[in-house]
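The opening position of the sequence shown corresponds to residue 40 in my numbering, with each subsequent residue numbered one higher.
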Amino acid sequence: MRIKATGEALIGEGKLICPSLLAYVYVSPRLRAKRTLELLGLFEKCPHLCGQSTETDQLVEWDYGDYEGLTSPEIRERRRINGVLGDEPWDIWRDGCVGGESPEDVERRCDALIKTIREQWHSPAMRDGNIRGDVVCVAHGHLLRAFAMRWVGKSISSNTVLLILEAGGVGVLSYEHHSIDEPAILLGGSFVVKAESPKD
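Here it is in structure tokens:
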């Protein structure tokens with residue numbers, strides 16, 4: 040229900056996800072992400088997007104390797120037992136996952152998709168205001184947080200800013216001064232709320 044409500048609240052003309060500006064959708068091939076996309080109702084609200092989407096491994100969740108299914112405290116305990124200790128407790132953003140992906144692996148995936156989005160969609164739309172250029176990416180928590188950091192050129196392994204994205208949440212990555220060279224994270228937007236008519 041929450042994801043359907045998100046779609047209703049945020050997709051539509053004059054809303055955060057504006058159909059007339061939307062050019063393309065990228066989605067993780069994992070069932071959870073594809074189901075989220077379906078529940079958002081994006082293709083029903085934006086019929087011009089039918090056939091304008093790609094499932095991409097660049098958006099799959101961080102490969103947790105040997106840590107799959109474990110909580111952070113369980114991972115830290117396993118590392119302690121195995122003698123893998125650092126100066127600080129284990130942190131996925133800095134240490135990655137044994138048998139899975141390192142922060143650098145995830146950065147490479149994010150960077151490749153960011154490059155595609157900027158070259159294929161955003162740059163042309165910024166040059167010609169009559170071209171749709173907005174893109175929606177539907178993926179997973181850790182990956183999307185890493186994606187946001189890479190969007191603004193920050194290393195995820197020296198993550199000094201902790202970003203939180205709730206399940207079914209929406210984040211907006213944009214540009215300052217309408218410049219492809221000034222990527223930014225939109226922290227908050229204003230919402231159009233229908234005013235109630237005064238009662239007679």
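Glycine included, C-beta positions come from ideal geometry on N, C-alpha and C.
- [ ] Kindly indicate the opening and closing residues of the beta strand (DSSP E) around Glu-94.
- [x] For the purposes of this step, residue 94 is taken as residue 55 along the sequence shown, with counting starting at 1. That run of the beta strand (DSSP E) goes 92-94.
Open item on the list: Extract the residue ranges of the beta strand (DSSP E) inside the region 95-180, only unbroken runs of 3 or more that lie entirely within it.
Closed with: 173-177
Task: Gln-159 to Val-123 span [Cα, whole Å] - done: Your numbering for residue 159 matches position 120 in the sequence shown. Your numbering for residue 123 matches position 84 in the sequence shown. Cα to Cα, Gln-159 sits roughly 43 angstroms from Val-123.
Open item on the list: On the CB-based measure, 16 or more other CB atoms within 10 Å of its CB, does Ala-62 come out buried or exposed?
Closed with: The residue labelled residue 62 in the question sits at position 23 within the sequence shown. Buried, because 16 or more other Cβ atoms sit within 10 Å of the Cβ of Ala-62.
Task: Simplified DSSP assignment, three categories, for Ile-224 - done: Taking the sequence shown and counting its residues from 1, the one referred to as residue 224 is at position 185. The answer is strand: DSSP assigns Ile-224 an E or B state.
TODO: Give me the Cα-Cα distance between Thr-45 and Gly-208, rounded to the nearest whole angstrom.
DONE: Here the question's residue 45 lines up with position 6 in the sequence shown. Here the question's residue 208 lines up with position 169 in the sequence shown. Those two C-alpha atoms are separated by around 8 angstroms.
TODO: Pull up the CB-CB distance for Arg-148 and Gln-97, whole angstroms please, since I reckon it's below 8 angstroms.
DONE: What you label residue 148 is simply residue 109 of the sequence shown in a count that begins at 1. What you label residue 97 is simply residue 58 of the sequence shown in a count that begins at 1. Contact flag correct, Cβ pair sits at about 5 angstroms.
TODO: Using 10 angstroms around the beta-carbon of His-216, count the other beta-carbons present and answer buried if the total reaches 16, otherwise exposed.
DONE: Your numbering for residue 216 matches position 177 in the sequence shown. His-216 is exposed by the Cβ-count criterion.
TODO: Could you say if the region 96-112 and the region 63-74 meet the contact criterion of at least three C-beta pairs nearer than 8 angstroms?
DONE: yes
Task: Neighbourhood of Glu-77 by C-beta, 8 angstroms cutoff - its chain only, sequence neighbours within 5 removed - done: The residue you call residue 77 lines up with position 38 of the sequence shown. Excluding positions up to five away in sequence, the list is empty.
Open item on the list: Taking the alpha-carbon of Glu-143 as reference, which of Arg-189, Glu-47 and Arg-41 has the nearest alpha-carbon?
Closed with: The count along the sequence shown starts at 1 and reaches residue 143 at position 104. Ranking Arg-189, Glu-47 and Arg-41 by Cα distance to Glu-143 puts Arg-189 first.
- [ ] Specify, as a first and last residue, the run of the beta strand (DSSP E) that Leu-70 falls within.
- [x] Stepping through the sequence shown from its first residue, residue 70 is reached at position 31. Note, Leu-70: premise wrong, no beta strand (DSSP E); alpha helix (DSSP H) at 70-79.
Task: First and last residue of the uninterrupted alpha helix (DSSP H) at Ala-48 - done: Position 9 of the sequence shown, counting from 1, holds the residue named residue 48. Start and end: 41-49.
Task: Reference Arg-41; option with closest CA among Ile-224, Arg-74 and Ile-219 - done: Start at 1 with the first residue of the sequence shown, and residue 41 comes out as number 2. The candidate whose alpha carbon is nearest that of Arg-41 is Arg-74.
Task: Beta-carbon proximity check, Ala-72 vs Val-211, cutoff 8 angstroms - done: In the sequence shown, the residue the question calls residue 72 occupies position 33. In the sequence shown, the residue the question calls residue 211 occupies position 172. Result no, Cβ atoms of Ala-72 and Val-211 do not sit closer than 8 angstroms.
- [ ] With a 10 Å radius around its C-beta and 16 neighbouring C-beta atoms as the bar for buried, classify Val-191 as buried or exposed.
- [x] To locate residue 191, count along the sequence shown from 1; it is residue 152. Label assigned to Val-191: exposed.
Open item on the list: Please report the distance separating the alpha-carbon of Lys-54 from that of Ser-141.
Closed with: Sequence index remark: in the sequence shown, residue 54 carries index 15 (1-based). Sequence index remark: in the sequence shown, residue 141 carries index 102 (1-based). Between Lys-54 and Ser-141, the C-alpha separation is close to 37 angstroms.
Open item on the list: I'd like the span of the beta strand (DSSP E) that includes Leu-55, first residue to last.
Closed with: The residue given as residue 55 occupies position 16 in the sequence shown. Careful: Leu-55 lies outside any beta strand (DSSP E) and carries neither H nor E.
- [ ] Could you work out which residue in Tyr-103, Ser-59 and Gly-135 is closest to Lys-17 when comparing CA atoms only?
- [x] Here the chain comprises residues numbered 40 to 239, so residue 17 is not present and cannot be evaluated.
Task: Beta-bridge partners of Leu-202, as assigned by DSSP - done: As a working note, residue 202 is residue 163 in the sequence shown. DSSP lists no partner for Leu-202.
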